[in-house]
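First to last, the sequence lines map onto chains A and B.
Take the first sequence: its letter number 29 is residue 651 in our numbering, and every next letter is one higher.
Take the second sequence: its letter number 24 is residue 53 in our numbering, and every next letter is one higher.
Positions of the beta carbon are idealized from the N, C-alpha and C atoms, including for glycine.
Predicted model only: the values in this text are computed from it and were never measured.
Everything below concerns the one structure shown next.
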Amino acid sequence: MKTWEEVPFAGYILEPGNAESYRTGDWRSRQKPVINQEKCTFCLLCWIYCPDGAITRRESKVEIDYYHCKGCGICAYECPSGAIRMKSEAEEA
Amino acid sequence: MMARKVLALNGDEAAAYAVKQCKPDVIAAYPITPQTIIVERLSDFVADGELDAEFISAESEHSALSACIGASAMGARTYTATASQGLALMYEMLFVASSFRLPIVMSVANRALNSPLNIWNDMSDTMGARDCGWIQIYNENAQEVYDFTIQSFRIAEDHRVLLPVMVCHDGFVVSHSTEGVETLSDSEVDSFLPPRTPVYPLDVENPVTIGCVGVPEYYPEIKYQQEVATKKSIQTIKEIINEFNESFGRNYDIIEKYQMDGAEVALLTIGSASGTAKDAVDEMRAEGKPVGLLKLRLFRPLPVEDLRKALSGLKAVGVIDRHISFGSMGGALNMEVRAALYEMRERPHVMGFPAGLGGRDIRVEHFIKITEELLRIAERDVLEEDYRVVGCRGPGCIGP
Ligand code: SF4
Ligand code: SF4
Chain A
623 MKTWEEVPFA
633 GYILEPGNAE
643 SYRTGDWRSR
653 QKPVINQEKC
663 TFCLLCWIYC
673 PDGAITRRES
683 KVEIDYYHCK
693 GCGICAYECP
703 SGAIRMKSEA
713 EEA
Chain B
30 MMARKVLALN
40 GDEAAAYAVK
50 QCKPDVIAAY
60 PITPQTIIVE
70 RLSDFVADGE
80 LDAEFISAES
90 EHSALSACIG
100 ASAMGARTYT
110 ATASQGLALM
120 YEMLFVASSF
130 RLPIVMSVAN
140 RALNSPLNIW
150 NDMSDTMGAR
160 DCGWIQIYNE
170 NAQEVYDFTI
180 QSFRIAEDHR
190 VLLPVMVCHD
200 GFVVSHSTEG
210 VETLSDSEVD
220 SFLPPRTPVY
230 PLDVENPVTI
240 GCVGVPEYYP
250 EIKYQQEVAT
260 KKSIQTIKEI
270 INEFNESFGR
280 NYDIIEKYQM
290 DGAEVALLTI
300 GSASGTAKDA
310 VDEMRAEGKP
320 VGLLKLRLFR
330 PLPVEDLRKA
340 LSGLKAVGVI
350 DRHISFGSMG
360 GALNMEVRAA
370 LYEMRERPHV
380 MGFPAGLGGR
390 DIRVEHFIKI
400 TEELLRIAER
410 DVLEEDYRVV
420 GCRGPGCIGP
């Protein structure tokens with residue numbers, strides 16, 4: 623890790639667009655969203671609502687990026703088709 | 030182009046006139062007694078077209094400093110002014126400005142803090158903000174206010190420094206007292222203070238992020254970097270003062286000596302009390318007493334080595350603080366001077382004299398009483414009290 627002489631001036635971030643390298647998915651502690659692709663209508667509401675940009679839009683489906691999903695559950699709450707279910711991490715394991 | 034001339038200016042007007050000549054791009058301020066005149070004059074200069082600056086009348090001091098932070102981050106030369114409760118309201122943003130390393134210059138017309146409500150002078154405001162990471166310069170009179178307002182922009186914007194500066198003068202005693210001030214010509218100020226060259230300005234072509242999260246794995250490294258820069262700035266400040274002295278025929282220093290040849294005891298003052306103290310020293314010297322005076326101009330960063338050098342060889346020093354740090358050893362200056370001297374083998378006794386609280390006059394007689402106390406301490410080689418309040422009626426104080 624960088625010393626005080628090596629860290630950028632005053633802790634500025636000098637490289638733009640690097641938020642992706644900050645893995646907010648590490649914060650997820652209890653539940654994670656899981657998409658039932660059968661029910662999904664590709665309306666993209668979850669993609670719009672996710673505060674962390676953790677829903678990735680593919681050709682004809684959406685996917686959750688668990689490196690950045692912090693498990694807030696907003697996507698599940700907003701999905702009009704009931705296609706997203708919050709599952710406990712333990713249940714998944 | 031204006032030639033050098035002597036103008037009748039009070040301390041606030043001297044600050045405003047200097048700021049005008051420094052050509053800030055952005056001024057954001059909220060008027061508060063006794064700083065009000067600065068804001069009024071600057072808004073006049075802008076309204077009259079004498080100063081081409083964005084003047085933001087903020088709805089509070091917190092907003093004023095926030096606006097300055099944004100403007101300075103964009104690369105603008107930025108100025109604000111405040112006092113007392115206003116500085117208190119800025120408190121959280123003070124840390125942000127210094128941690129972002131933004132060269133904002135702020136005049137403070139020192140005023141006591143509530144309660145009881147008091148609009149008069151003491152240094153509770155800036156002394157309470159001493160750990161906010163700002164450089165603090167204290168001035169004795171309107172001439173110094175003028176000269177150091179100009180130098181503060183050079184100091185703040187120097188790439189070896191990049192820190193905000195509070196340039197302080199005592200409320201009313203300096204802010205509202207009119208003196209002859211020798212001003213520099215506009216071209217002299219221009220040559221001393223070139224336009225600001227920002228290091229990482231906010232710019233859509235070269236985006237940077239300022240003010241992001243600093244997790245425990247990085248926070249200490251970022252803070253220590255700031256500490257090193259702050260300590261190192263002492264050298265740069267000295268260089269800039271020397272350049273100013275040589276260019277314009279002044280004689281300033283970060284610690285100034287008065288009648289110190291052969292002195293055995295000394296007063297250590299800050300701000301306008303220095304002038305009164307000099308009169309007292311003259312009277313004592315006329316009676317053959319070995320008394321001198323040291324005036325501290327730079328309180329942050331504290332010139333620890335210079336203080337040690339200046340105070341070594343003395344038998345007793347009386348530190349005149351213009352505020353109280355409640356429940357400790359008088360004022361902050363007293364405590365810090367004592368701490369600085371602690372590891373010296375031959376060190377003087379140091380006693381604190383918090384004086385002039387809430388605008389109470391500090392008179393020549395007060396300084397004579399203090400000096401007599403110092404001479405007693407020197408003679409007996411014992412210090413019995415850490416501090417004693419000056420200018421207060423009742424037991425335990427030097428009054429009235
Ligand atoms: S749980 Fe929250 S963070 Fe995760 S994908 Fe859904 S909305 Fe985004
Ligand atoms: S909100 Fe529901 S239905 Fe719409 S895209 Fe997301 S998962 Fe599919």
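- At least one C-beta of chain A is nearer than 8 Å to the C-beta of residue 129(B).
- Between residue 154(B) and residue 142(B), the C-beta gap is smaller than 8 Å, which places the two residues in contact.
- In this structure residue 220(B) is exposed. Its beta-carbon is surrounded by fewer than 16 other beta-carbon atoms within 10 angstroms.
- Taking a C-beta distance under 8 Å as the contact criterion, residue 677(A) and residue 697(A) qualify as a contact pair.
- Between the alpha carbons of residue 216(B) and residue 222(B) lies a distance of about 10 Å.
- Exclusion of the five residues before and after residue 42(B) leaves 66 and 70 as the residues of its chain whose Cβ lies within less than 7 Å of its Cβ.
- The beta carbons of residue 303(B) and residue 169(B) sit closer together than 8 Å.
- Look at the region 298-348 of chain B and you find these whole runs of alpha helix (DSSP H), each 4 residues long or longer: 302-315 and 333-340.
- Using a C-beta cut-off of 8 Å, the region 349-365 of chain B makes contact with the region 379-386 of chain B, since at least three inter-stretch Cβ pairs fall below that distance.
- Taking 3 residues as the shortest admissible run, the region 31-101 of chain B contains the following complete beta strand (DSSP E) segments, listed from N- to C-terminal end: 34-38, 55-58 and 83-86.
- Along the length of the region 156-237 of chain B, whole alpha helix (DSSP H) runs at least 4 residues long occupy 171-186 and 215-221, reported in chain order.
- Contact annotation for residue 194(B) against chain A: no contact, minimum CB-CB distance about 16 Å [criterion: below 7 Å].
- Within chain A, the residues whose beta carbon sits less than 8 Å from that of residue 251(B) are 626, 629, 632 and 633, listed in sequence order.
- The beta carbon of residue 623(A) sits closer than 8 Å to no other beta carbon from its chain once the five residues preceding and following it are set aside.
- Taking 8 Å as the upper bound for CB-CB distance, residue 112(B) and residue 200(B) are in contact here, some 6 Å apart.
- Contact between residue 206(B) and residue 196(B) is ruled out by a C-beta separation of about 17 Å, above the 8 Å threshold.
- Inside the region 650-699 of chain A, DSSP marks whole beta strand (DSSP E) runs of 3 or more residues at positions 653-657, 677-679 and 684-686, from first to last along the chain.
- The C-beta of residue 133(B) comes no closer than 8 Å to any C-beta of chain A.
- Closest option to residue 348(B), judged by alpha-carbon separation, among 332(B), 98(B), 378(B) and 237(B): 378(B).
- In the same chain as residue 34(B), and ignoring 5 residues on each side of it, the C-beta atoms closer than 7 Å to its own belong to 212, in chain order.
- The beta-bridge partner set that DSSP reports for residue 276(B) is empty.
- With a cutoff of 7 Å, residue 359(B) does not count as near ligand 1, since its C-beta is closer than that to no heavy atom of the ligand.
- In terms of side-chain proximity, the C-beta atom of residue 678(A) is found no nearer than 7 Å to any non-hydrogen atom of ligand 2.
- Residue 262(B) sits close to residue 164(B), with the two beta carbons spaced by under 8 Å.
- In this chain, the alpha helix (DSSP H) harbouring residue 393(B) covers 393-409.
- Residues 692 of the same chain have their beta carbon placed closer than 7 Å to that of residue 649(A), with the five preceding and five following residues left out of the count.
- Per DSSP, residue 354(B) lies in no alpha helix (DSSP H) and is assigned neither H nor E.
- Counting along the chain, no alpha helix (DSSP H) covers residue 629(A), and no H or E run does either.
- Within the region 76-109 of chain B, no residue places its CB atom closer than 7 Å to a CB of chain A.
- Here residue 97(B) is actually not in contact with residue 124(B); their C-beta atoms are around 14 Å apart, not less than 8 Å.
- Under the Cβ criterion of 8 Å, residue 673(A) is not counted among the residues facing chain B.
- For residue 638(A), the nearest beta carbon of chain B is closer than 8 Å to its own beta carbon.
- Using a cutoff of 7 Å, the CB of residue 665(A) counts as near ligand 2, since one of the ligand's heavy atoms is closer than that.
- Annotation for residue 246(B) indicates a beta carbon at 7 Å or more from all heavy atoms of ligand 2.
- In the structure shown, residue 257(B) falls within a helical segment according to DSSP collapsed to helix, strand and coil.
- Ligand 1 approaches residue 696(A) closely enough that one of its heavy atoms is under 7 Å from the residue's Cβ.
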